[in-house]
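Chains as they are written, first to last, in UniProt numbering: chain Z, 1 to 305; chain B, 1 to 305.
Beta carbons are placed, not taken as given, at the ideal position from N, Cα and C, and that holds for glycine.
Number of protein chains: 2
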Amino acid sequence: MAEPVGDKGEVPQPESTSHPTTSDAKPTTEAVASPSNTPAKRNAFTELMAPKPKAPISQAPQSMASKASQIVRGVWRGALIEYIEHPERFPDKVLRVTANTVLIKDAFPKATIHLLLLPRSPAHYLLHPHTAFADPAFLAMMREEAAVGARLAAAELARRLGSFSASNRARDEAMGKGKGGGAASDRDGSESELPLPAGRDYAAEIRVGTHAHPSMAHLHVHIISRDMRSERARHRKHYNSFTTPFFVPLADYPLGEDDVRRETGFQNANLKRELVCWRCGKEFGNRFAELKRHLEEEFEAWKKE
Amino acid sequence: MAEPVGDKGEVPQPESTSHPTTSDAKPTTEAVASPSNTPAKRNAFTELMAPKPKAPISQAPQSMASKASQIVRGVWRGALIEYIEHPERFPDKVLRVTANTVLIKDAFPKATIHLLLLPRSPAHYLLHPHTAFADPAFLAMMREEAAVGARLAAAELARRLGSFSASNRARDEAMGKGKGGGAASDRDGSESELPLPAGRDYAAEIRVGTHAHPSMAHLHVHIISRDMRSERARHRKHYNSFTTPFFVPLADYPLGEDDVRRETGFQNANLKRELVCWRCGKEFGNRFAELKRHLEEEFEAWKKE
DNA sequence: TATTCCGATAGTGAC
DNA sequence: GTCACTATCGGAATGAG
Chain Z
1 MAEPVGDKGE
11 VPQPESTSHP
21 TTSDAKPTTE
31 AVASPSNTPA
41 KRNAFTELMA
51 PKPKAPISQA
61 PQSMASKASQ
71 IVRGVWRGAL
81 IEYIEHPERF
91 PDKVLRVTAN
101 TVLIKDAFPK
111 ATIHLLLLPR
121 SPAHYLLHPH
131 TAFADPAFLA
141 MMREEAAVGA
151 RLAAAELARR
161 LGSFSASNRA
171 RDEAMGKGKG
181 GGAASDRDGS
191 ESELPLPAGR
201 DYAAEIRVGT
211 HAHPSMAHLH
221 VHIISRDMRS
231 ERARHRKHYN
241 SFTTPFFVPL
251 ADYPLGEDDV
261 RRETGFQNAN
271 LKRELVCWRC
281 GKEFGNRFAE
291 LKRHLEEEFE
301 AWKKE
Chain B
1 MAEPVGDKGE
11 VPQPESTSHP
21 TTSDAKPTTE
31 AVASPSNTPA
41 KRNAFTELMA
51 PKPKAPISQA
61 PQSMASKASQ
71 IVRGVWRGAL
81 IEYIEHPERF
91 PDKVLRVTAN
101 TVLIKDAFPK
111 ATIHLLLLPR
121 SPAHYLLHPH
131 TAFADPAFLA
141 MMREEAAVGA
151 RLAAAELARR
161 LGSFSASNRA
171 RDEAMGKGKG
181 GGAASDRDGS
191 ESELPLPAGR
201 DYAAEIRVGT
211 HAHPSMAHLH
221 VHIISRDMRS
231 ERARHRKHYN
241 SFTTPFFVPL
251 ADYPLGEDDV
261 RRETGFQNAN
271 LKRELVCWRC
281 GKEFGNRFAE
291 LKRHLEEEFE
301 AWKKE
């Protein structure tokens, strides 16, 4: 989960001067940072920046939302508010800012790609995801933004895995690119006269959804690659929270009133349940370290697909 | 618990050539090592060496005992056989050798002083202590040797703590020794004309007994100082095995047939029970590390008594 | 279901 | 009730002018 870092000296300003809908930040549609410090070159992330501005989705009364916000300010549960209110302070973390959302890199990524989409609406950002996504307009907006985030994630995944991908290499060779270097983009290919191999569908390796019981107070949607290979994935719960029904795909919202995934007992059992490889289904009981080693092997095979 | 060390290249000889009662070792009454590498100087340990030889206590049939011995040879449970059969190989560990016993320093001492007394009789050394000490002659022999070991232990404790002991300092000053250096001996004092302060009773700080369920196969009697201060005391069981009725004083043998200390359930509970400071009775629940820190403080007070 | 630190608990293998 | 190694499990604190 992302947390603000490297801003020890800065104290969050009182809510009266820093509300996002009356923000003191720069224009909200600005791309704050390119992900890889590659200057002006073509880049999967930068290509998708600067979408059309839209009106903020909520104009809920400031006083009420701010009061709730105040409760979690300055404690770990409320750390995400810093990105929501001051995205410009985190150029290394923030990938995209709109009037309604902030897209960041998770500070403790649990997979090769792990982004968080944060809504900026005070009327929504402290709601439980099950509640917030009962609002159709809000859900639609978040889905739209999550789709953008997922494309960014897929493009970045392509950049990272492209040189290893068998299906992409076939495509690259058909295009006369040769073996070296990653394929920076796998989108379209319509300029070619001959039918090209489709190339790897990196988007299919990206999953978008929430945790059934988030610990961070502010609503966040995970945009994460499937591999679950990360140094920061250190506990059974880390793994199970993404590989069991504890992870609720954004596509599944709004949840039915009787959806079993609302039940705390069910979800606690999901977090505690025995470990299973997401890719091959092999069971690892409580042997997390062994699963980790196995995931390294699976990663090698997965990235070559 | 002591184990042979530094003899990786040496394979235990077949029992037929190395039986202690038909030993190939040097004369069994020889003092193998002085404890502190102090050359020929007067020393608490060396003073008590070289007791009168006695006849070995057992002449049990070799074949039977050797068969049993063979079972635990070469595995960790049988490691003590090396000291019994080849005490001369461990000059740094062995303090005293007689026809009937070997006295060694525990390789993993659980207190400032921690010795083991090992009987050499194959008819006894694989028996459970409760069984072995039902033999009055064997018990008498072991008590006699344990008393020697306890005196050695007390003398060594005096050497280590003497300079910190308030009661000993009073005595030393009455004898005109001044403050510096440890008192090498606190025994008698009868040469003086004036009544001297008694000096600290170090023997009272030494406890002698067995574990109710030993893990090492060969019978061993612990001779250990009360402090339980040691880097090698690392587990709850280490501590409880010496500070609960799991520790059976040699003086309590032979145990009555209905002695509760024979009961496995009782003893397992002793090993698992909550931690209590042996000196002040303070309770530490399962907080072993906290107990360890507390024992450091108790040690400072205890050594100054 | 935030992380991090510390420490208790559990299983194994060892000649 | 042997040790030593690895790992799992469990609680507590957590920022900061």
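Contact under 8 Å by Cβ, B:K110 with B:A233: yes
Report the residue from B:F108, B:P122, B:A153 whose alpha carbon sits nearest the alpha carbon of B:I81. B:P122
Note down, in chain order, each residue of its chain lying with its Cβ closer than 6 Å to the Cβ of B:L291, except the 5 sequence neighbours on either side. L275, F284
Expressed to the nearest angstrom, what Euclidean distance is found between the alpha-carbon atoms of B:K282 and B:F288? 13 Å
Residues that DSSP places opposite Z:F247 in a beta bridge: Z:H211
Tell me whether the region 267 to 274 of chain B and the region 227 to 244 of chain B touch, counting them as touching only if at least three CB pairs, one residue from each stretch, are closer than 8 Å. yes
So what does DSSP say about Z:V221, is it helix, strand or coil? strand
If you drop the 5 nearest sequence neighbours on each side, which residues of the same chain put their C-beta closer than 7 Å to that of B:V102? Y83, I84, P87, V94, L118, R120
Closest Cα partner of B:R207 within the set B:M216, B:L196, B:I224: B:I224
Confirm, please, whether the CB-CB distance from Z:A146 to Z:A203 is below 8 Å. no
Thinking C-beta only, is B:H130 closer than 8 Å to B:R262? yes
Could you pull out every residue in the same chain whose Cβ sits closer than 8 Å to the Cβ of B:L126, ignoring the five residues on either side in sequence? A65, A68, S69, V72, A217, H218, L219
Could you tell me whether the Cβ atoms of B:M141 and B:L250 are closer together than 8 Å? no
Helix, strand or coil for B:H114, going by three-state DSSP, please let me know. strand
Assuming Z:A153 contacts Z:L115 (C-beta within less than 8 Å), just tell me the rounded distance between them. 6 Å
Nonlocal neighbours in the same chain, by C-beta distance under 6 Å from Z:F133, ignoring five residues either side: L139, Y253, P254
Looking at the unbroken beta strand (DSSP E) that takes in Z:T101, where does it start and where does it end? 101 to 105
Expressed to the nearest angstrom, what Euclidean distance is found between the alpha-carbon atoms of Z:F90 and Z:V260? 38 Å
Return the chain-ordered list of same chain residues with a C-beta closer than 8 Å to the C-beta of B:R236, the five sequence neighbours on each side being excluded. L271, K272, L275, N286, F288
From B:E300 to B:T210, what distance separates their C-alpha atoms? 27 Å
Hey, would you say B:G199 sits closer than 8 Å to B:R171, going by beta carbons? yes
Considering only the alpha carbon of each residue, which of Z:I57, Z:A158, Z:S163 lies closest to Z:D135? Z:I57
Strand pairing of B:G285, partner residues [DSSP]: B:L275
What residue range does the alpha helix (DSSP H) around Z:L95 cover? Segment 94 to 97 is the beta strand (DSSP E) holding Z:L95; no alpha helix (DSSP H) there.
Comparing alpha-carbon positions, which option in B:D201, B:A137, B:H124 lies nearest B:E305? B:D201
Is residue 313 of chain B helix, strand or coil by DSSP? Look at the range of chain B in this structure, 1 to 305, and you will see that residue 313 of chain B is not part of it.
Nearest-angstrom beta carbon gap, Z:A174 and residue 341 of chain Z [assumed within contact, 8 Å]: With chain Z running from 1 to 305 in the structure shown, residue 341 of chain Z is simply not present.
Would you report the Cα separation of Z:V221 and Z:C280, rounded to the nearest angstrom? 26 Å
Going by other Cβ atoms of all chains shown within 10 Å of its Cβ, with 16 needed for buried, is Z:G265 buried or exposed? exposed
If you reduce the DSSP assignment to three classes, tell me which class B:I206 lands in. strand
Tell me the residue span of the alpha helix (DSSP H) that contains Z:S167. 166 to 174
Rounded Cβ spacing between Z:T112 and Z:D227 (contact assumed at less than 8 Å): 5 Å
Close-in-space but distant-in-sequence residues of the same chain around B:E298 (CB under 6 Å, 5 per side omitted): R279
The ligand NAD and Z:L291: does any heavy atom of the ligand fall closer than 7 Å to the residue's C-beta? In the structure on display, the ligand NAD does not appear, and there are no ligands present to speak of.
Using a threshold of 8 Å, state whether the C-beta atoms of Z:L157 and Z:E205 are closer than that. yes
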